[in-house]
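Peer 1: Numbering of the sequence shown is given in our numbering, commencing with residue 743 and proceeding in unit increments.
Virtual Cβ for every residue (Gly too), placed ideally from N, Cα, C.
Here it is: the structure, laid out below.
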Amino acid sequence: MKTEKSASYLQTTFAGWAIKILAGLSKSFLLILSVRYLNINDYSTLALFWSLGSWFILCSFGLGDALQNHISHCRAIQKNYDHLIENLALLIWPIALFFSFLFLLFYQPLYYLLFHRIPNATLSPHLFACLGIINILTILFSIFYRISLAEHKGHYYFIYTNIGSIFSAIITFLFLHFFKNKNLLYIILLSWTLPSFFISLGNYFQYLKIKTIIYLLSKIPVWIKDPLLFKKLKSSELMILIHRGSQFWLSYLISSFTFYLDYIIMAQTLQAKDIAIYNILDKTYRFLYEFYSIFLLSIWPILAERHSKQDGQGGQHLLTSKLNQGVLFIIILTASILFLKPHLLIVLKNPDLTLLSPTILVFGLINIARMYRDTYCVGLYSQSRMKTILINLFFQALLSITILFYSSHYFGLNGLLVGELIVYVSTSILFLPYIYPRTPSTKIIS
């Protein structure tokens, strides 16, 4: 059994690396095309829209993480979970309607918040609203990607989640070849959004057929008339899953205010040029960081199963070994960027961009700190132990909002980066590594 799981882990990891390399090259190619052919204001608009991706994840309500942990446990005790997947697939639609309505209610203030400092912003509010709705649906349909991870078929997960960026780069290149750079911003936004949506929709219908949807909808009047409906729902696996998901969701909500507030703050305090520089470095480091996330996602079900068997020492060893590898990669990447900086500026061909060495160094330190935080959070997530993370994230959020706003307002881009580093070090690095090995076992749905 151990050999089989190790083979599954290696298959997931290597398949993930292969598709990530293709997707990473595609994203890098798309980044170069965007910097070369968009003016600085349009590129800043694109960067700010891309930054919303982390906020759209909140629409999943944490159900993907809860579902993955539950399936891992069901596999450990050899319990069937098909009925739960069908019920969850039906639940997606009211959730989609709720968050879509919420977004349409607030999209105009959000549009102003993000783009009011961008001179002559090309992106229209109406297109912004349409793209937002598509992103919400994509995130919700993508919940079912996590089934592949839990079933040790993670190579499918990495294909589904990365093939969209490959299509985006191809579409953008073909458009530039045939139509030059007219309306390029619109093409990049649409090609970034639509392929991922259709891929997630196709995967969703693998788990819930049209005839099943019709059958379940026909049963709704019978369920409504059932006097024991609420009692049955309260004790059902689906409601327990929603409760577990809400804990993940609360964690992601606080995490968003802690770790993904940077672009919103930059939109209020920095100029378009600084936003563009930040985004280029951020994308570069995230390219490598996505490879590291393959390790984390691949070991998540293994950690969950080890936790079910109360093998805490094995989980700690696995996390530590992956963290050491990740830190080494960040150091190598930072040194490479510093050494190749003049050549990178030639490739980007944008006279408005400059890359300062202190900015690059601080970015490297921030990503090492981020790696510490996410590694140990995955360990805690695999145990469905949220209380410790939520308390930690709450204080991080308060610290982040205060420090990032004032540091960027008075000291510009480098001030923002130093503020981010202070937030990571003073909370996550000094706290989470000592919590994971001491976390007790938790009772999981049975």
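Under 8 Å, do R986 and A808 count as touching if we go by C-beta distance?
Peer 2: A contact, by the Cβ cut-off of 8 Å.
Peer 1: Cα separation between A1077 and Y1027?
Peer 2: Distance between the alpha carbons of A1077 and Y1027 is about 12 Å.
Peer 1: What separation, rounded to the nearest whole angstrom, lies between the Cα atoms of S977 and L830?
Peer 2: Any reading at S977 must be qualified, since the residue scores a pLDDT of 46, below 50, and its modelled position is unreliable; no value is offered.
Peer 1: Just to confirm my understanding: we take N862, look at its own chain, exclude 5 residues before and 5 after, and list those with CB closer than 8 Å. What are they?
Peer 2: Around N862: N783.
Peer 1: Give the secondary structure of N904 by DSSP, where H, G and I count as helix, E and B as strand, and everything else as coil.
Peer 2: Of the three classes helix, strand and coil, the one that applies to N904 here is helix, per DSSP.
Peer 1: Using the three-state DSSP reduction, which class does P851 fall into: helix, strand or coil?
Peer 2: Reduced to three states, the DSSP call for P851 is helix.
Peer 1: Would you call the segment 1096-1112 and the segment 1121-1130 in contact, with 3 or more CB pairs under 8 Å?
Peer 2: At 8 Å Cβ cutoff, the stretches do not touch.
Peer 1: Below 8 Å, can you find three or more Cβ-Cβ pairs linking the segment 1149-1159 to the segment 1003-1018?
Peer 2: At 8 Å Cβ cutoff, the stretches touch.
Peer 1: At the level of alpha carbons, what is the spacing between L844 and S786?
Peer 2: Each residue's Cα considered, the two are about 26 Å apart.
Peer 1: Can you give me the C-alpha to C-alpha distance between D1024 and G906, rounded to a whole angstrom?
Peer 2: D1024 and G906: Cα-Cα distance of roughly 20 Å.
Peer 1: Where does Y1031 sit, in a helix, a strand or coil, going by DSSP?
Peer 2: Note: Y1031 maps to helix in three-state DSSP.
Peer 1: Count the other CB atoms within 10 Å of the CB of L835; is the residue buried (16 or more) or exposed (fewer)?
Peer 2: According to the sequence as given, residue 835 is Trp; it is not Leu. Per the 10 Å Cβ criterion, exposed.
Peer 1: When the distance is taken between beta carbons, is L1163 closer than 8 Å to L1107?
Peer 2: Yes. Within cutoff.
Peer 1: If you draw a straight line from the C-alpha of N1134 to the C-alpha of Q1058, how long is it?
Peer 2: Distance between the alpha carbons of N1134 and Q1058: 20 Å.
Peer 1: Between the alpha carbons of S997 and F756, how many angstroms are there, rounded?
Peer 2: The alpha-carbon atoms of S997 and F756 are separated by roughly 29 Å.
Peer 1: I need the DSSP call for G1157, collapsed to helix, strand or coil.
Peer 2: The answer is helix: DSSP assigns G1157 an H, G or I state.
Peer 1: Buried or exposed for K762, going by 16 or more other Cβ atoms inside 10 Å?
Peer 2: The residue in question, K762, is buried, as its Cβ has 16 or more Cβ neighbours within 10 Å.
Peer 1: Could you check where the alpha helix (DSSP H) with P867 kicks off and where it finishes?
Peer 2: P867 to F883 is the extent of the alpha helix (DSSP H) around P867.
Peer 1: For L1080, is the classification buried or exposed, using 16 other Cβ atoms within 10 angstroms of its Cβ as the cut-off for buried?
Peer 2: Flag for L1080 reads exposed.
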